[in-house]
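First comes the structure, then the notes that go with it.
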């Protein structure tokens, strides 16, 4: 087995810190959108879809943050164990830390996909408004440029 030094888990500190900052930023941005959205027409089917989307995203972001913090914590404990001479235990915790970080990143990709769904819902609204304006002007259905 490869010898684990104190510097190896320490390399993850800046990466995990930046990820946690990015996750927090996504959460705060989503919270702002949800607050602004509270004035929307709740009888509209698209609005209901957005609310479901918001709930899924908030849940995922919380999980992303939890696994990111867990990864950070296991890195710290790993460094302590390596420092105390418990090389094998430190290596195991470092591997767990990496797995938690990988899972956090996978959740992030999933959240990004759901976020794209939310944008598509907004695009449907825009397309509908464009169609209505074209009909009022007596023109054919609006089509996006290729």
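Numbering (my numbering), first residue to last: 17 to 162. Every residue, glycine too, gets a C-beta built ideally from N, C-alpha and C.
Worksheet item: Quick one: is residue 19 buried, meaning 16 or more other Cβ sit within 10 Å of its Cβ, or exposed?
Response: Exposed.
Fill in: N-terminal and C-terminal residue of the alpha helix (DSSP H) that residue 87 is part of
Counted as a single uninterrupted DSSP element, the alpha helix (DSSP H) harbouring residue 87 occupies residues 61-100.
Worksheet entry | Integer-rounded CB distance, given that residue 87 should sit under 8 Å from residue 120 | So it is a contact: roughly 6 Å between Cβ atoms.
Fill in: C-beta contact flag for residue 83 and residue 109 at 8 Å
Between residue 83 and residue 109, the C-beta gap is not smaller than 8 Å, which leaves the two residues out of contact.
Practice prompt. Confirm, please, whether the CB-CB distance from residue 122 to residue 69 is below 8 Å.
Written response: No, the pair does not count as a contact, with Cβ atoms beyond the cut-off.
Worksheet item: From residue 79 to residue 153, what distance separates their C-alpha atoms?
Response: Roughly 49 Å separates the two Cα atoms.
Discussion item. Please return the same chain residues whose Cβ sits closer than 8 Å to the Cβ of residue 62, not counting the five positions on each side in sequence.
Written reply: So the qualifying residues of the chain are 137, 140 and 141.
Worksheet entry | Coarse secondary structure for residue 19, derived from DSSP in three states | Three-state result, residue 19: coil.
Fill in: Supposed contact pair residue 116 and residue 26 - C-beta distance, whole angstroms, cut 8 Å
Contact doesn't hold; Cβ gap of about 17 Å is too wide.
Worksheet item: Would the beta-carbon of residue 68 be found less than 7 Å away from any heavy atom of the ligand SAM?
Response: Of ligands this structure carries none, so the ligand SAM is not represented either.
Worksheet item: Since residue 154 is in the alpha helix (DSSP H), which residue starts that stretch and which ends it?
Response: Going by DSSP, residue 154 is part of no alpha helix (DSSP H) at all; its letter is neither H nor E.
Worksheet entry | Exposure of residue 164, with buried meaning 16 or more beta-carbon neighbours within 10 Å | Nothing about residue 164 can be reported from this structure: the residues present for the chain run from 17 to 162 only.
Worksheet item: Would the beta-carbon of residue 98 fall within 8 Å of that of residue 28?
Response: Not closer than 8 Å, so no.
Discussion item. For residue 81, which residues in the same chain have their Cβ closer than 6 Å to its Cβ, ignoring the five residues on either side in sequence?
Written reply: Hits under 6 Å: 39.
Practice prompt. Excluding the 5 residues preceding and the 5 following residue 85 in the sequence, name in chain order all residues of the same chain whose CB lies nearer than 8 Å to its CB.
Written response: Closer than 8 Å at the Cβ level, and outside the excluded window around residue 85, lie 36.
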